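Before any comments, here is the structure.
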Amino acid sequence: MLLISLLLLALGITLAVLRRRRVVRSRSAAVAGLLSGVVGLLLALSTFAYVVEPYEVGVPTTLGSVGGTWQSGLHLKSPLTDVTTFSTRPADLDLTGKDTVEVRSSEGGVLYADLTVKWSIDPAHTLALFKLAGSASAVQQRLVYPDSREIVRNVFARHTGVEGYSSQREAISAEIDRLITERLAPRGILVNGVNLRNVRPSDNLQKAIDQKIQQEQATAQAEAAVLTAKAEAEKRKIDSESTAAANRVIADSLTDRMLMSQCIEAFKAAAEKNPVYASPCGSNGSPVIVDGTKR
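Under UniProt numbering, the letters of the sequence shown match residues 1 to 295, in that order.
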């Protein structure tokens, strides 16, 4: 910009001098010289000012020397000063498509994880990030991108394939969020959230997961059948013990006299219909004659 402004100024001055010396008599040449001089002057003046946009932080460098950070607004500078700006708005790092993270479970199975890391730059650490990375895009490529992928792999490596694929996805996402935040915060990078959008197993792992699920279902059915059999056996045991106990009580209560008494009472009732009734209720099997006509 400075070089262009100097060239325009030089052109305007040259045309003005030639016009003054009557070397150039064309009126259009004079107007062109005036315009180029004005434009060159404005461009030259613009090299002494820089506007930092809202939600940006500027880092000036002059001949290799790094200055302090500039907040949003108008700043005066040397024409030899370059300004690198960093946006403080949240940015998304999408690890999907060609950037999908290939991870391995604790069992060695391969899964593919798609996630989005929402991050932003802490304005207070802009100068340190400039010295470390050089630009906002370099911050993402050199810091956020590799650290996020490393942490995702490490977290999935502590879980089985089934946990990573289904049962523990929320817990894994929360753990990844926490670890990325802890890793990037000291560098001045704020993590606003991690969204684990999709986890899909490889074909081989999917087959292994299906087989494991089938085995678990078969094991659960077998265990249920064993528990049912044990319950039924316990029930039969309790029933038999109850029957045996009842029989013992009955056997202990049935003495000869009680049996004789009950037998006589029974045949007295029968003699109501049959006046004389013989029954082997006597001792040693001798019959007892019950005469229903006599009381």
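Ideal Cβ positions, reconstructed from N, Cα and C, are used throughout, including at glycine. Being a predicted model, the structure only gives us computed values, none of them experimental.
- Task: Check each candidate in Ser87, Phe86, Gly67 and name the one with the smallest Cα separation from Leu80.
- Result: Gly67
- Helix, strand or coil: how does DSSP classify Phe48 here? coil
- Item | Inter-stretch contact at 8 Å, needing at least 3 Cβ pairs: the region 115-133 / the region 55-73 | yes
- Item | Boundaries of the beta strand (DSSP E) in which Val144 is found, first to last residue | First-last for Val144: undefined, no H or E at that position.
- Message: Taking the alpha carbon of Leu196 as the reference point, which residue from Ser166, Ala220, Ile213 has its own alpha carbon closest?
- Response: Ser166
- With a 10 Å radius around its C-beta and 16 neighbouring C-beta atoms as the bar for buried, classify Pro90 as buried or exposed. exposed
- Query: Counting Cβ pairs closer than 8 Å, one from the region 228-235 and one from the region 209-220, do we hit at least three?
  - Reply: no
- When DSSP labels each residue in this structure, what does Ser120 get in the three-state scheme? strand
- Item | Rounded straight-line distance, which links the Cα of Thr84 to that of Ser148 | 25 Å
- Task: Determine the DSSP secondary structure at Leu80, reduced to helix, strand or coil.
- Result: coil
- Message: Between the alpha carbons of Gly164 and Lys98, how many angstroms are there, rounded?
- Response: 20 Å
- Query: Cα-Cα, which of Gly108, Ile213, Val57 is closest to Phe156?
  - Reply: Gly108
- Message: Tell me which residues share the same chain as residue 308 and place their Cβ nearer than 8 Å to its Cβ, disregarding the 5 neighbours each side in the sequence.
- Response: Only positions 1 to 295 of the chain appear in the structure, and residue 308 is not among them; the question remains open.
- Message: In the DSSP assignment, the alpha helix (DSSP H) including Ala91 goes from what residue to what residue?
- Response: Counting along the chain, Ala91 falls outside any alpha helix (DSSP H), though it belongs to the beta strand (DSSP E) covering 91-95.
- Message: Please identify the residue among Val199, Thr181, Ala136 whose C-alpha is closest to the C-alpha of Ser105.
- Response: Val199
- Query: For the alpha helix (DSSP H) that Thr181 lies in, which residues bound it at each end?
  - Reply: 169-184
- Query: Span of the beta strand (DSSP E) holding Thr88?
  - Reply: Here Thr88 belongs to no beta strand (DSSP E), and DSSP marks it neither H nor E.
- Assigned exposure category for Arg295 - 16 Cβ within 10 Å defines buried: At Arg295, the pLDDT of 49 sits below 50, so the modelled position is not reliable and the matter cannot be decided from this model.
- Item | Residues of its chain near Pro123, where Cβ-Cβ distance is below 6 Å and the 5 sequence neighbours each way are ignored | Val57, Thr88
- Message: Rounded to whole angstroms, what is the Cα-Cα separation between Ala245 and Lys235?
- Response: 15 Å
- Query: Since Asp114 sits in a beta bridge, which residues does DSSP pair it with?
  - Reply: Asn198
- Query: Exposed or buried, Glu175, counting other C-beta atoms within 10 Å across all chains shown (16 or more means buried)?
  - Reply: buried
- Message: Can you list, in chain order, the residues of its chain with a C-beta nearer than 7 Å to that of residue 304? Leave out the 5 residues immediately preceding and following it.
- Response: The structure shown has nothing for residue 304, since the chain only spans 1 to 295.
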